[in-house]
Structure formats: structure tokens, C-alpha cells
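Read left to right, the sequence shown gives residues 86 to 539 (the working numbering).
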Amino acid sequence: MSPGVADELSGVPPLDGALLTSPEALAAAADDFGHTVHRPPAAVLRPGSSDDVAAIVRYAGKRGMPVACRGCGHATDGQAQAPGGIVVESGGLSAIHEIGPAGAVVDAGVTWRALIEAALAGGRTPPVVTDYLDLSVGGTLSAGGIGGASPRFGAQVDNVLELDVVTGDGVRRTCAADRDGELFLAVLGGLGQFAIILRARLRLVPARPVARVYDLSYPSLEAFTADAAVLALDGRFDHVQGQADPGPQGGWTWHLAAASYHTPPETPDDDVLLTGLHDTRAAARVEDVPYAAFLARLDPIVEFQVRAGVWGFPHPWFDLFVPAAAIDAYAGPIMDRLTVSDTGGGPVLLFPLRRDRLRRPFLRVPDGEVCFLFDILRTAPPDPARVQADLAANRSLFETARDAGGLRYCIGSVSFTPEDWRRHFGPQWPAFERAKRTYDPGNVLAPGQGIFPR
Numbered sequence: 086m087s088p089g090v091a092d093e094l095s096g097v098p099p100l101d102g103a104l105l106t107s108p109e110a111l112a113a114a115a116d117d118f119g120h121t122v123h124r125p126p127a128a129v130l131r132p133g134s135s136d137d138v139a140a141i142v143r144y145a146g147k148r149g150m151p152v153a154c155r156g157c158g159h160a161t162d163g164q165a166q167a168p169g170g171i172v173v174e175s176g177g178l179s180a181i182h183e184i185g186p187a188g189a190v191v192d193a194g195v196t197w198r199a200l201i202e203a204a205l206a207g208g209r210t211p212p213v214v215t216d217y218l219d220l221s222v223g224g225t226l227s228a229g230g231i232g233g234a235s236p237r238f239g240a241q242v243d244n245v246l247e248l249d250v251v252t253g254d255g256v257r258r259t260c261a262a263d264r265d266g267e268l269f270l271a272v273l274g275g276l277g278q279f280a281i282i283l284r285a286r287l288r289l290v291p292a293r294p295v296a297r298v299y300d301l302s303y304p305s306l307e308a309f310t311a312d313a314a315v316l317a318l319d320g321r322f323d324h325v326q327g328q329a330d331p332g333p334q335g336g337w338t339w340h341l342a343a344a345s346y347h348t349p350p351e352t353p354d355d356d357v358l359l360t361g362l363h364d365t366r367a368a369a370r371v372e373d374v375p376y377a378a379f380l381a382r383l384d385p386i387v388e389f390q391v392r393a394g395v396w397g398f399p400h401p402w403f404d405l406f407v408p409a410a411a412i413d414a415y416a417g418p419i420m421d422r423l424t425v426s427d428t429g430g431g432p433v434l435l436f437p438l439r440r441d442r443l444r445r446p447f448l449r450v451p452d453g454e455v456c457f458l459f460d461i462l463r464t465a466p467p468d469p470a471r472v473q474a475d476l477a478a479n480r481s482l483f484e485t486a487r488d489a490g491g492l493r494y495c496i497g498s499v500s501f502t503p504e505d506w507r508r509h510f511g512p513q514w515p516a517f518e519r520a521k522r523t524y525d526p527g528n529v530l531a532p533g534q535g536i537f538p539r
């Protein structure tokens, strides 16, 4: 073993990588992007191979130690933490093995940015890309992965062809829809409860080099959601997402960012794409940008936040899915009360989604043709009282949404009890519980969410 290996952990199997117990390694694994929960593990595995992951899961299981997999550390509520256990850093597994017509084969620690760059070199792209690119493949496949192309292609979990995983009993398995299909469906959107993802075969589609981006401005939430639902259903755009921006006289204005990808000299027909929408033609801002630059459009914002130190502030995010029939009555009163101070300058997002494109059973979304992803991406000052107030507000907002048929998107910060989890999974709970018994019988994996108390 390399220097820094855990001396006090007896019987550690031979590893290609390292098992670390340095204060620096433990402190990093006890934190995440949310900066609201801090629970140190006993050790951190930086794997040198997939065999290391299987070996350490078996090792931990025999000793009753929990294990959690951490990708890029972008969780917001301690979900990738393993108090007193072992955190597996998937960044040690970061090879891109194949890019071709049959898709991409990548390790779980590969970032979407790295995959996009490799795929674009061959004229291809993942169908669905999240706004922030420096997330690991394994991390988003455990949660879902929503982007502006989701109305057409579903979530990132809906575009996976095959997985290599280590289940909670330390066994390596390969699964796909037609091979160990129950495990395959459980892992995608399964919040890390059943297996650690080692490698994934992902669908790719042809990439068109230019994005024509339409910024459509709306004076009211109702006009915005009406058009957003239409665009989600009719598929005229390749990318549709929305957000609220502070109004010049206070309050909020709503914007849809819609994009049509094309290959010059062909160009989109603006009149056709904008027909039938709410008086947006005169107010629309239209711009052609390179496709790669469009995907990386958040980079300047992130760079500014990093330089300003805001990136390291607490982020008690609020994320959930709301039925289209309830979105105006739910979000309207919230936005009437919400101020920029309440969000800390973080954005408020509203994405329209087609329910029939979201097919993985454990990524829970409301019934109906269309639902909306509603996100208040809070940034809080490093003040414990303010953070607790934001978390309490998140819980209250969640309960109101739940009563209206809403469901949590499990990337944010909302306190959940085991009973909340049973209610969240609803008719899927028996299958979720059965998968846990089958694939992680020792309840080793992913304790951070508190779904199955240890």
C-alpha cells in the first residue's frame, strides 16, 4: 500500500490504490457542495482499479462499516457521506474506454465535460447534458440527471445501455435491460442504495455544431408555464428550460431558453419555431453559438463564484417535481414572497418535462403528461442560523408541494424520515425495499440519505 494507508484498520486487503486516513482526506469526505452536513468517515478509498472497490465493499461489509461513493462532491445534503465508514472516491476510475456509433463506455468517475469533449471529437454527444458539466457520470446516474433536452430524451438515466457495478455484497456484476434487468433498473436513479457504479455504456447521438438560442421573456408565470408545457410536448426545440430573473422594479420575470441545433448552411426557421407562443416574437433575443460553447454556458458564472469565494458558501438547495396542473398555484405564491436575499443570488429554475420520457422507476415524478422541475438553488452566508432557517423553509415548501402531488428530486436539501422515503417511493416502495434486501442485504451502502437506518 502507498503512504497514508490506514494503519489502525486491521486486515485491509491488498489494493492497487490507497486507503487514506489523513485529516485532510477525511475532512474532504465529510463535506460536500452543500456545506450543511459534516460527517467524517473512518477512511477514504482512492481506488486504483475496479477490483479495489469490490474488495473494500467486502471488507467493510464483514465489519459492519457503511460505504458511500463520492464523485465530484457536488451533493448538497451529505448524501455521499459514510459516518465512521469508508468513502470511495470514484475519481480514481476516470478512463474513457470507447467512443463510437454504439455509444460511449466510460468509468464512473469520468466527468460529463470530459465525455462531451471526447464525443464531440467524433461528431457525437450525450443526448442529455446537465447545466453544470463537472459532475461525474456515476453521480448523476445515481440521482437522475435532468437537462434542457429531457423533454425529448428523458433524464440521463434513460440513456444508459449497460452498467458494471459492485453490489452491497461486494460482487461485481454487469447488467442491462435484457441482462439482470431488475438490478439495472434499480441502480439508475437508485441513490446509490444497491450498488456502486464502476462503468457505464451510454447512448450517444449525432452532434450538430451550432445552437440557435432563443431567449423568450414573459411577464407572468402563467404565460411562461403555458408555453413551456406546449414546447415540452410538441418537441419543436432541441433544448427547453426556464428560470426566473429579478425584475427591474422588484418581483420576478420569467425566461424560456429554447435552442434549435443545426448544421450550416441550413438554419432554423424562426417563424415556425415561435409560432403560437405568447407574444414572444418581438421580445425574443436570438443568437447562434457553437454547440460546445452552449453546453459550457455556465462556466463564466462558476468561475466568477469561485473567484469571489461564493462557491464555498453553504448551498441548501431546494429541488422538486410539480404536476403541471398545480405549478401556477404552487409556485406563484412562493415567487410572490421570494426575494433575491432569500436565494442568496442563486437562480430559480423551472424546467418543463414530458412524463412519458422519464422511464426509470426509482426516479419518481408526478403523473400527468407534463410536470415541472422547480429549483431554488440557494446560496447562504456561512451563518448556521441562516442555514437552518433555509432548511426549515425547504421542508415547509416541500410539504406544500407534496400535498399538491409533488415529489422531491433527490439532489437537494430537504430533511426526510424513513416514513417520508416510503411515501416518496409510494407504489415503488415494495420494489425498492426488495432491491435493498437482494443487492445490499447487509445495509452497507449509501447511509447518507437515511432511507434504511443502520
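All residues carry an ideal CB built from backbone N, CA and C; glycine is no exception.
Check for me: the beta strand (DSSP E) holding residue i runs from which residue to which?
i: E183; result: I181 to G185
i: R131; result: A128 to R131
i: Y303; result: V295 to Y303
i: A103; result: A103 to L105
i: R439; result: V433 to R439
i: A153; result: V152 to R155
Give the range of the alpha helix (DSSP H) segment to which residue i is assigned.
i: D475; result: P469 to D488
i: R519; result: W514 to Y524
i: V142; result: S135 to K147
i: P418; result: A409 to R422
i: F459; result: It is not in any alpha helix (DSSP H) - F459 instead sits in the beta strand (DSSP E) that spans V455 to I461.
i: V425; result: V425 to T428
i: E174; result: Element bounds for E174: not the alpha helix (DSSP H) but the beta strand (DSSP E), I171 to E174.
i: V357; result: D355 to L359
I need the DSSP call for residue i, collapsed to helix, strand or coil.
i: W337; result: strand
i: D316; result: Residue 316 is actually Leu in this sequence, not Asp. DSSP places L316 in helix when its eight states are reduced to three.
i: G394; result: coil
i: F510; result: helix
i: T196; result: strand
i: Q534; result: helix
i: P99; result: coil
i: Y346; result: strand
i: P385; result: helix
i: E372; result: strand
i: D404; result: strand
i: G327; result: strand
i: P291; result: strand
i: L94; result: coil
i: R493; result: strand
i: G177; result: helix
i: A189; result: strand
i: D505; result: helix
i: F118; result: coil
i: L380; result: helix
i: L111; result: helix
i: A465; result: coil
i: L448; result: coil
i: R321; result: coil
If you compare alpha carbons, which of the options is closest to residue i?
i: Y494; options: V256, D404 and E518; result: D404
i: S95; options: D117, A128, A153 and S107; result: A128
i: V272; options: L530, R539 and F537; result: L530
i: Q473; options: D330, V122, T106 and L434; result: V122
i: Y415; options: G170, D488 and L380; result: D488
i: L111; options: V97, G156 and G170; result: G170
i: R198; options: G185, V222, P151 and I184; result: V222
i: P466; options: A486, S134 and G394; result: G394
i: R284; options: Q164, F483, L226 and A486; result: L226
i: P98; options: A145, D117 and H120; result: A145
i: P108; options: P126, F118 and Q334; result: P126
With a CB to CB cut of under 7 angstroms and the five nearest residues on each side skipped, what residues in its chain are close to residue i?
i: R444; result: G239 and D243
i: S179; result: D192, G194 and V195
i: P538; result: P503
i: Q390; result: W396
i: H182; result: V190 and V191
i: F37; result: With the chain represented from 86 up to 539, any question about residue 37 goes unanswered, as that position is not in the structure.
i: W514; result: R507
i: D92; result: At D92, the pLDDT of 47 sits below 50, so the modelled position is not reliable; the number obtained from the coordinates is stated separately. Excluding positions up to five away in sequence, the list is empty.
Leaving aside the five residues before and after residue i along the sequence, list all residues of the same chain whose C-beta is less than 6 angstroms from its C-beta, in chain order.
i: T259; result: D249
i: I536; result: W506
i: S500; result: R480
i: R297; result: S345, P353 and D373
i: G176; result: G194
What residues in its chain sit with their C-beta under 8 angstroms from that of residue i, if we drop five residues either side in the sequence?
i: V450; result: F406, L438, R440, L443, C456 and L492
i: G133; result: L100, D101, G102, A103 and G177
i: G266; result: C260
- Within the region 199-286, note down every full alpha helix (DSSP H) run reaching 4 residues or more, in order along the chain. 222-228, 235-238 and 266-272
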